Structure formats: structure tokens, C-alpha cells
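Structure, as C-alpha cells:
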Amino acid sequence: MTALLTVEAIDTAYGLSRVLFGVSLEVAAGECVSLLGRNGVGKTTTMRSIMGLTPPSRGRIVWRGRDITGWPPHRIARAGIGFVPEDRRVFAELSVEENLEVGARAARRGGRWTIAAVGELFPVLRERRHQRGGLLSGGEQQMLTIARTLTGNPELLLLDEPSEGLAPLVVDMLRDKISELKAQGLTILLAEQRVDFALALADRVYVLEKGRVCHTGSAAELRADQALVERLLSL
Amino acid sequence: MRRSASRLPWTLIVFLAMASVPWIGSRYDAFLAGQITIDALFAVSLNLLLGTTGLVSFGHVAYFGVGAYVYGILMKAYGVPFVFAFPAAGLGAALFAAISGYFCVRLIKLYFAMLTLAFSQIVWAIAYKWNAVTGGDQGLPEIPYPDLGWMSAIPGCGDLSTGARFYLLTLVLVAVALAILHRIVRSPFGRMLTTIRDNPERAAFIGLNVRAYQLAAFIVAGGFAGLAGALYGIFSRGVFADYVFWAKSAEVIIMAILGGMDYFWGPPVGAAALVWLNQQVTDYTQYWPFVLGSLLLILLFVFPGGLVGGVVAGVSRLQRIIAGRDA
Chain A
1 MTALLTVEAI
11 DTAYGLSRVL
21 FGVSLEVAAG
31 ECVSLLGRNG
41 VGKTTTMRSI
51 MGLTPPSRGR
61 IVWRGRDITG
71 WPPHRIARAG
81 IGFVPEDRRV
91 FAELSVEENL
101 EVGARAARRG
111 GRWTIAAVGE
121 LFPVLRERRH
131 QRGGLLSGGE
141 QQMLTIARTL
151 TGNPELLLLD
161 EPSEGLAPLV
171 VDMLRDKISE
181 LKAQGLTILL
191 AEQRVDFALA
201 LADRVYVLEK
211 GRVCHTGSAA
221 ELRADQALVE
231 RLLSL
Chain B
1001 MRRSASRLPW
1011 TLIVFLAMAS
1021 VPWIGSRYDA
1031 FLAGQITIDA
1041 LFAVSLNLLL
1051 GTTGLVSFGH
1061 VAYFGVGAYV
1071 YGILMKAYGV
1081 PFVFAFPAAG
1091 LGAALFAAIS
1101 GYFCVRLIKL
1111 YFAMLTLAFS
1121 QIVWAIAYKW
1131 NAVTGGDQGL
1141 PEIPYPDLGW
1151 MSAIPGCGDL
1161 STGARFYLLT
1171 LVLVAVALAI
1181 LHRIVRSPFG
1191 RMLTTIRDNP
1201 ERAAFIGLNV
1211 RAYQLAAFIV
1221 AGGFAGLAGA
1231 LYGIFSRGVF
1241 ADYVFWAKSA
1251 EVIIMAILGG
1261 MDYFWGPPVG
1271 AAALVWLNQQ
1281 VTDYTQYWPF
1291 VLGSLLLILL
1301 FVFPGGLVGG
1311 VVAGVSRLQR
1321 IIAGRDA
């Protein structure tokens, strides 16, 4: 199995404060891989490092066999990595439709995820297409952010805590949508604090602790062993 | 009520009102109208950076000045006719914007603003000191009007003075320039600029080359500022180093904020308000900066959206009151 994305022993710091210490991980095509860990262990920083927003000071990031370490974020996006950040901010002053257009144009990648296609996936966005992005509810903004990223036709979707701050019903709906994307063959790297949410979707997991990978294995193993989950995540 | 109001072709009405000034207004009115027209273009060109892209330039006057000098030098030293010298002024300013902008967009926020200021001071220093080319502190006086004899053929224009004819030409050229800028702001390119203003990092990770777009906006804004500068040189019958002094950059920022930088038509309204107020106030007192400062203070606190923002807010409040009564 050749990896689509390989992160090789990266160190990343914000100024003088180091956050990641030799994090390595691999994502193969079609997989859903989850990064688990409590708040502040480096899940977001790992994603930001992959995306080029906070480039690592050591180590390499390899995408489809090419070293993309140090590339600017827009090049990484055009190479096929889509990022849905934690704060799920949409372009507040643009309408829903304009947000999607911007996503489609900026990435310069054609593909199956047209604006019409993401409207099929998230019918609520089609209904609200003329509404301003900033006026949507939290769940709708999350869907819009995912949909906007999809219109860029990424091969790998980085999802940072998609369930955070959403109502339980919305979380369930979102899980089904992500599961649908996975079933359609999209490769996903999912950072989550909610173990149940992540384990419902993931094939494999990496558990982070204080900026290091402290466990890696299949999701099935964790689903079967509650004690291991509790030990790893100190619940 | 709002429907009928917004259906009125406001831009056409304003254009026709401005165009009627040479016939119904005094020479002084025509002078003010000329100033407002040129400043409107200058302020809208700045607002492509300020309001649309979220870039605060403290040195926009540099491009206005480069345009004015390119036109002045071509006209005086080489006798190049208006039809070539005017576009050349815009191109010259755009070229200078490309060079200076290449460095400016590498910096962010205050550092960006400071570098734009630095470039404008360099332009000022060259204008002030390079006697052989710019005329130094003497400037380039007596820039002639372009040949406007052909306007006699237009009905009703036969009796107009050359100054009035040039005002009409200015009005038409500025209207065309504003129409182009309006299209740019509303185009997909303009929407990309808005995403950069909203959040440059987010724009980058959806795949936008933020610097390239910022540079493109910088070049377009500089080019149109250069066209405004060329018109101003002819309008004022000369090009002088004062035009490039940094205080004029502050003035054009004030125009944009006064009118409302979130609205396309905000800066022209701000330009009109500032020119008119300046004339009114200086008739009564020499303390114009004091009055301007006080007005800005009030405006920033009471109408943060500028004059246009204030009117929009007022109209929607009025509508709610009327709607409330009907219900």
C-alpha cells in the first residue's frame, strides 16, 4: 500500500513554543485516518503543518511522492489537499453561492464536485444559496465550509474537529455526510476529541499526546477495547 | 418605498447633474465640480485596495503623482497629444505600482502601509529634487489643455470655454473609468479580493495566491490613480511636487472613510463632501483642519459606515418604522 500523504518526523513551533515533536503519520488513498487526542496535544498544528500554514522546522511532508515541505498554502491546496479548519469560518460577507464559487475558482481543479453536486450533498445550502455566509447557523456554516472545500475537488480532506460546538442532532447528520464522502472514495484525515465520532468513521487512528504520537493502530482495535481508549486518552 | 428609490438610475442622474454645471453653474461651481470629479476617481482607485482588498496604503498619492508627471513630461517635453499621453500616464503609474507593489505585498498590515508611505516619499523626493526632468520645486507649469476644438461640433457646446470643455471631457473619462472599476469590483476577480480582505489565511488555503491577487489590485489601483493624476495636472494647469506630498495620501483615505469604504459609491460621496466642506469652511475660518478633525471624530463614532453607510442605515430604519405602522 503506497501512501498518498506521508508526514515524516516533523517538528513544528509557534515562535519559540514547540508544539510538535517528531510527528510521523501516513494516509493511504481511500482511507479515513483519525488523529485523536485531548485539547492542545497538537492535532490542529499537525493539520496546519500539512497545509503549509505553519511549516515544520524539521522533517518532511510528502504528497503523492513529492516533497511539499515549505510550499505556500495555495500551492498545497492546488495540489489536492483541502482543509476544513476548526473555526469553520466562512467568508461572512459573501453569499452561500459565492462562497462555493470562490472555493471552486481558487483551487483551479476540475472534477466531480461542482456547485450543483455539493448542493445535492447538502440540500440546506441550496435552499440558502442567496443568504450571506455570516448569517448561517453554526451547523450550516460547518456544512458550507466542507462544501466550499469540496468544490476545490481535493483528493485528501483535512477535517479539524468538525463536530465541535454543534448540537447532537447536527453532529449525527454530519457524521453521516462524512461517511458518505468516505464511501465515495474521498481520503480523509480527521482530527477529533470525540472518540465515538472519530471511531465511527475511521479505519486507522493516531493518538497524540503532548505533541508526539503515542499510539497507532486500527480503529477496530479501539472500538473493541474500551480500557485501551480510556488509558490512551486518560478519560 | 425603497424599491422605487433604488430603481431610479442614480448614476445617470448624478452624471447628468454634473454635466449640466457648465451651463447652469458659475465658473466657481465648475471649478469645484472638476475637483470633485477627479478626486472621486482617485478615491475609488484607493478604495479598490482599502475597502475591497483590505490593504491600507498610506502612499497612494505616489501613483497619482507619477501619472501627473508622466503626462506633464510627455506633453511639455515631447508634445505628445492627449490621446496618447493620457493612457501613457495610467500605464506609467501602473508600471510603477507593479514595481513598488512587488515589494509592498510581501509585507503585511502596518509594515505594508509603511512601505507604501516610503515609496511615496521617494517619489516626492525625486519630484522635488530632479530639476532637469520634473522641474524640481518649480514643477511643470502651464500644462496646456488638449485640443478640444472638435467639441464645437457637439450641439450646445459651441459657446463653452476650453476649461468647460475640458471639464466635460474629464467627466466622461472619469465616468468610463468608474464604470470599469465597478465591473472589476463585481467580477469574480473582485470577489477573490473580498475573500482576501475577509481573511487572507483562509483565502490562501482554499488555493488563492494571495500576493499575486494583492499585487494585481495594487497595479489596477495605481493605474487608475495615475489617470486621475493626469487629469488633475491639466485641470490645475501644472504639475507640482505638492501633488505627491504624503498629506494628500491622508486626504484621499479621509475621502474614502468619510463617504464609506464598504460601498462602491462611498468614496465619490466622500470626495464631494470633503471638497465642498473645505470650500464652505475656509470661507468662514482658517481653522479648516480643526473642523475636519472634529467632523471625522463625530463620523467615526456615529456613522462608522461613513456618509453612505449612515444613509443606508437611516433608510432601512425608516422602512422598519413605516412597515411597523402598516402592520
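Each protein sequence line maps, in turn, to chains A and B. Start counting the first sequence at 1; every next residue gets the next number (the working numbering). Start counting the second sequence at 1001; every next residue gets the next number (the working numbering). Beta carbons are placed, not taken as given, at the ideal position from N, Cα and C, and that holds for glycine. Just so it is clear, the structure is predicted and the values come from calculations on it, not from any experiment.
Query: Could you list which residues in chain B have their beta carbon closer than 7 Å to that of residue 15 (chain A), in chain order?; Result: Chain B residues near residue 15 (chain A): none, gap ~16 Å exceeds 7 Å.
Query: Go ahead and label residue 1002 (chain B) buried or exposed: buried means 16 or more other beta carbons lie within 10 angstroms of its beta carbon, across all protein chains shown.; Result: Its pLDDT being 43, under 50, residue 1002 (chain B) is placed unreliably in this model, and the value from its coordinates should be taken loosely. The residue in question, residue 1002 (chain B), is exposed, as its Cβ has fewer than 16 Cβ neighbours within 10 Å.
Query: Would you say residue 1208 (chain B) lies against chain A (beta-carbon separation less than 9 Å)?; Result: yes
Query: Quick one: which chain B residues come within Cβ less than 8 Å of residue 108 (chain A)?; Result: 1207
Query: Any contact between the segment 1017-1024 of chain B and the segment 1187-1206 of chain B? By contact I mean 3 or more CB pairs, one from each, below 8 Å.; Result: no
Query: Per DSSP, what kind of secondary structure is residue 1198 (chain B) in: helix, strand or coil?; Result: helix
Query: Ignore the nearest five residues each way along the sequence and tell me which others in residue 114 (chain A)'s own chain have a CB closer than 8 Å to its CB.; Result: 104 and 151
Query: Quick check on residue 1124 (chain B): buried or exposed, where buried means 16 or more other Cβ atoms within 10 Å of its Cβ?; Result: buried
Query: According to DSSP, simplified to helix, strand and coil, what is residue 191 (chain A)?; Result: strand
Query: Tell me which residues share the same chain as residue 79 (chain A) and place their Cβ nearer than 7 Å to its Cβ, disregarding the 5 neighbours each side in the sequence.; Result: 63 and 68
Query: Pull up the DSSP beta-bridge partners for residue 23 (chain A), would you.; Result: A:10
Query: If we count Cβ pairs, one from each stretch, closer than 8 Å, do we get three or more for the segment 1280-1289 of chain B versus the segment 1065-1080 of chain B?; Result: no
Query: Please list, in chain order, the chain A residues whose beta carbon lies closer than 8 Å to that of residue 1199 (chain B).; Result: 89 and 91
Query: Taking 8 Å as the cut-off, does the segment 1158-1165 of chain B touch the segment 1093-1104 of chain B (at least 3 CB pairs, one atom from each stretch)?; Result: no
Query: Going by CA-CA distance only, name the one from B:1243, B:1147 and B:1305 that's closest to residue 1084 (chain B).; Result: B:1147
Query: When the Cα of residue 1218 (chain B) is compared with those of B:1238, B:1193 and B:1259, which residue comes out closest?; Result: B:1193
Query: Among A:29, A:84, A:53 and A:228, which residue has its Cα nearest to the Cα of residue 70 (chain A)?; Result: A:53
Query: Kindly indicate the opening and closing residues of the alpha helix (DSSP H) around residue 1157 (chain B).; Result: From DSSP, residue 1157 (chain B) is part of no alpha helix (DSSP H); its letter is neither H nor E.
Query: Is there a Cβ from chain B that is less than 9 Å from the Cβ of residue 85 (chain A)?; Result: yes
Query: Using a beta-carbon distance below 9 Å, is residue 1203 (chain B) in contact with chain A?; Result: yes
Query: Rounded to whole angstroms, what is the Cα-Cα separation between residue 175 (chain A) and residue 90 (chain A)?; Result: 20 Å
Query: Mapping the DSSP letters down to three states, classify residue 1137 (chain B) as helix, strand or coil.; Result: helix
Query: Could you work out which residues of chain B lie near residue 51 (chain A), taking near to mean beta carbons separated by less than 7 Å?; Result: 1205
Query: With a cut-off of 9 Å, does the C-beta of residue 1316 (chain B) fall near any C-beta of chain A?; Result: no
Query: What are the boundary residues of the alpha helix (DSSP H) that includes residue 1167 (chain B)?; Result: 1162-1186
Query: Where residue 208 (chain A) and residue 161 (chain A) are concerned, what is the direct C-alpha to C-alpha distance, given to the nearest angstrom?; Result: 14 Å
Query: Curious, which full-length alpha helix (DSSP H) runs of at least 4 residues does the segment 1228-1301 of chain B contain?; Result: 1246-1259 and 1266-1284
Query: Mind checking if residue 1027 (chain B) is an interface residue toward chain A, Cβ cutoff 9 Å exclusive?; Result: no
Query: Who are the neighbours of residue 102 (chain A) on chain B, taking C-beta pairs under 9 Å?; Result: 1188, 1191, 1192, 1194, 1195, 1203, 1206 and 1208
Query: So which residues of chain B does residue 94 (chain A) contact, with C-beta pairs closer than 9 Å?; Result: 1191, 1194, 1195 and 1198
Query: Return helix, strand or coil for residue 1145 (chain B), following the three-state DSSP convention.; Result: coil
Query: To which residues of the same chain is residue 124 (chain A) closer than 8 Å at the C-beta, ignoring the five residues directly before and after it?; Result: 140 and 143
Query: Nearest-angstrom Cα distance between residue 1208 (chain B) and residue 108 (chain A)?; Result: 9 Å
Query: Below 8 Å CB to CB, which residues in the same chain sit around residue 203 (chain A) once its five sequence neighbours on both sides are set aside?; Result: 31, 32, 33, 218 and 219
Query: Would you call the segment 1087-1098 of chain B and the segment 1046-1065 of chain B touching, i.e. three or more CB-CB distances under 8 Å?; Result: yes
Query: Find the nearest neighbour of residue 1117 (chain B) within the set B:1015, B:1249, B:1297 and B:1276, judged by alpha-carbon distance.; Result: B:1249
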